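Chemist: Sequence lines, in order, name chains A and B. So the first sequence is residues 23 to 136, counted in my numbering. So the second sequence is residues 1019 to 1129, counted in my numbering. Ideal placement from N, C-alpha and C gives every residue a C-beta, glycine not left out. Note that the structure is a prediction, hence the values are computed from the model and not measured. Could you have a look at this structure, given as structure tokens, before my questions?
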Amino acid sequence: DAGVTQSPTHLIKTRGQQVTLRCSPISGHKSVSWYQQVLGQGPQFIFQYYEKEERGRGNFPDRFSARQFPNYSSELNVNALLLGDSALYLCASRQTGGSGNTIYFGEGSWLTVV
Amino acid sequence: LAKTTQPISMDSYEGQEVNITCSHNNIATNDYITWYQQFPSQGPRFIIQGYKTKVTNEVASLFIPADRKSSTLSLPRVSLSDTAVYYCLVGFNNAGNMLTFGGGTRLMVKP
Chain A
23 DAGVTQSPTH LIKTRGQQVT LRCSPISGHK SVSWYQQVLG QGPQFIFQYY EKEERGRGNF
83 PDRFSARQFP NYSSELNVNA LLLGDSALYL CASRQTGGSG NTIYFGEGSW LTVV
Chain B
1019 LAKTTQPISM DSYEGQEVNI TCSHNNIATN DYITWYQQFP SQGPRFIIQG YKTKVTNEVA
1079 SLFIPADRKS STLSLPRVSL SDTAVYYCLV GFNNAGNMLT FGGGTRLMVK P
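Here is the structure:
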């Protein structure tokens, strides 16, 4: 079975531009979340979506937005990019409703803002 | 969400058993304890999860004392490829996808 897949794997953007990152959860997983990981630090929670509704938001500015589609895939959008947005963006999915709370991560999208 | 404390770094040698202990004094009754492994430039990889006592899988063992205020990840006979950052996490929000990562433990396995 395919794991959590993310695209693109690497991209370079210029300050002020906008970026869209995409995530496909594991088949059967209905909950998707996004994390930002700056080099040398642990991942920081950005958003969580379940059944196409936002269920949680971390301490990130309004430049960050996301959505979940009927097929449970998700997009993370970041507007007006800053140099500090350069990071590894991770998507994670979970199969809610069953026992256990295992969350699985994708390999991430490396964003470099120049 | 319960805060976790774990050593910043550890060194070991190939073939040794490595034990990484995590403190989570304010763990809630319904919190699970989960450990992830992360290699540079990759997403965190699920290792093991437990609620109490001992859990073992093909990769590791997780020991949780009765008071659940700490947990120990045990990696048997480590190899060079086990060099990574290991994160201990507890607690989830309502829909279970919000994880609060600490700084993790950087394990260096030497030949």
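#1: So that I know if they touch, is there some Cβ in chain B lying closer than 8 angstroms to that of residue 125/A?
#2: Indicate whether at least one CB of chain A lies closer than 8 angstroms to the CB of residue 1112/B.
#3: Using DSSP bridges, identify the partner residues of residue 1029/B.
#4: Does the beta carbon of residue 1117/B come closer than 8 angstroms to any beta carbon on chain A?
#5: So with CB distances below 8 angstroms, who are the chain B contacts of residue 65/A?
#6: Taking 8 angstroms as the threshold (beta carbon to beta carbon), is residue 106/A in contact with chain B?
#7: Strictly by DSSP, which residues pair up with residue 74/A?
#8: Taking the beta strand (DSSP E) that residue 1037/B belongs to, which residues open and close that run?
#9: So who's on the other strand from residue 1063/B, going by DSSP bridges?
#10: Going along chain A, which residues have a C-beta under 7 angstroms from residue 1122/B?
#11: Taking the beta carbon of residue 1046/B as the centre, do at least 16 other beta carbons fall within 10 Å, making it buried, or is it exposed?
#12: In this structure, does DSSP put residue 1076/B in helix, strand or coil?
#13: Counting only Cβ-Cβ distances shorter than 8 angstroms, please list the residues of the stretch 1050 to 1074 of chain B near chain A, keeping chain order.
#14: Rounded to a whole number of angstroms, what is the C-alpha to C-alpha distance between residue 78/A and residue 90/A?
#15: Mind the definition here: the stretch 1025 to 1032 of chain B touches the stretch 100 to 114 of chain A only if three or more C-beta pairs lie below 8 angstroms; say whether that holds.
#16: By the three-class DSSP mapping on this structure, what secondary structure does residue 131/A have?
#17: Are there three or more Cβ pairs, one per stretch, closer than 8 angstroms when the stretch 1072 to 1083 of chain B is compared with the stretch 1099 to 1106 of chain B?
Modeler: Short version:
#1: It does; some Cβ of chain B falls within 8 angstroms.
#2: At residue 1112/B, the pLDDT of 43 sits below 50, so the modelled position is not reliable and the matter cannot be decided from this model.
#3: 1126/B
#4: Under the 8 angstroms criterion on CB atoms, residue 1117/B is classed as interfacial with respect to chain A.
#5: 1062, 1117 and 1119
#6: no
#7: DSSP output for residue 74/A lists no bridge partner at all.
#8: 1036 to 1041
#9: 1055/B
#10: The answer, in chain order, is 64.
#11: exposed
#12: coil
#13: 1050, 1052, 1054, 1059, 1060, 1061, 1062, 1063, 1064 and 1067
#14: 13 angstroms
#15: no
#16: Strand at residue 131/A.
#17: no
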